[in-house]
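First residue of the sequence shown: 1, per full-length UniProt numbering; consecutive thereafter.
Beta carbons: idealized from backbone N, C-alpha and C, even for Gly.
Quick caveat: nothing in here was measured; it's all calculated off a predicted structure.
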Amino acid sequence: TTMDVDKPVVSYNNKTKQNEHGHYPDWMNQRAVKKHKAKLARSKKKVGKKIKW
């Protein structure tokens, strides 16, 4: 049998919480994934302040 220590380490991006294949961690449920996707969409939508004439 293999121990938990022997399992390969999977790295996730801190910003997107996805691994190199685009999958979310096992501990994130579908509600958390949906909430996180909405948060990423909000952060992408903000462009910054523009000069208004």
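- Annotation: the continuous alpha helix (DSSP H) that includes K39 extends over 30-45.
- Judged by their CB atoms, V33 and N19 are not nearer to each other than the 7 Å cut-off.
- Inter-residue distance for Q30 and P8 is about 24 Å (C-alpha atoms, whole angstroms).
- Taking the Cβ atoms as the reference, Y24 lies roughly 11 Å from K35, outside the contact range of under 8 Å.
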